[in-house]
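Chemist:
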Amino acid sequence: MSKRFEVVERSALPKTIARWILGLFLVSAGVAHLTWARTEFLAQVPVWLPLDGDFVVVASGLVEIALGATLIALRRKRVLVGWIVAGFFVAIFPGNINQFVTQTDAFGLDSDVARGVRLLFQPVLVLWALWCTDALKMLRKRASGTREE
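When we follow our numbering, the leftmost residue of the sequence shown carries the number 10, and every step to the right adds one.
1. Closer than 6 Å by C-beta to Phe116: which residues in its own chain qualify, once you throw out the five before and the five after it? Chain order, please.
2. Rounded to whole angstroms, how far is the Cβ of Val56 from the Cβ of Val65, which I believe are closer than 8 Å?
3. Under 6 Å Cβ to Cβ from Asn107, same chain only, skipping five residues before and after it: list those, please.
4. Rounded to the nearest angstrom, how far is the Cβ of Ala138 from that of Phe98, given a contact under 8 Å?
5. Measure the C-alpha to C-alpha separation of Ala95 and Leu22 and round it to an integer number of angstroms.
6. If I'm right that Thr142 touches Val90 with Cβ under 8 Å, what's the distance once you round it to whole angstroms?
7. Please return the same chain residues whose Cβ sits closer than 8 Å to the Cβ of Leu33, not counting the five positions on each side in sequence.
8. Rounded to whole angstroms, what's the CA-CA distance from Ile93 to Arg47? Just pull it up for me.
This is how it looks when you write it as structure tokens:
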């Protein structure tokens, strides 16, 4: 094995592990939407959303399972999947805001501080999705005008 290949493999390993962890987290959360935590997730659906809350919980759970599995399985499409996962995290953010504003207790978030910390974690998930899939790297390369090797 050449030294260059070893360096590339070592530098990719943390991102690969992070991508798998995020994928497994999404699959687990999606299964939770459909089973044991359905009521907890229902508490996060904004009342102003013009859709049935249970439909939103089930649909978002199915999307999370699909996204998590895709993060793990489609390595060659990881940049595109990274953008889609990041977009998903942005799309569900109003539910987290709703939980904070309405002071709804769910998932052990039973104080404004706990719900506020949860809000701060959402951008971390977005960045995690973009980093571990190399979406940020590709964005920087496109912005600088360089091409992928």
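Note that CB positions come from ideal geometry on N, CA and C, so glycine has one too. Since the structure is predicted, the reported quantities are computational estimates derived from the model, not experimental observations.
Modeler: In short, the structure shows the following:
1. Glu49
2. Rounded, the Cβ-Cβ distance is 11 Å, inconsistent with contact.
3. Pro55
4. 6 Å
5. 21 Å
6. 6 Å
7. Gly77 and Ile81
8. Going by the C-alpha atoms only, they are around 23 Å apart.
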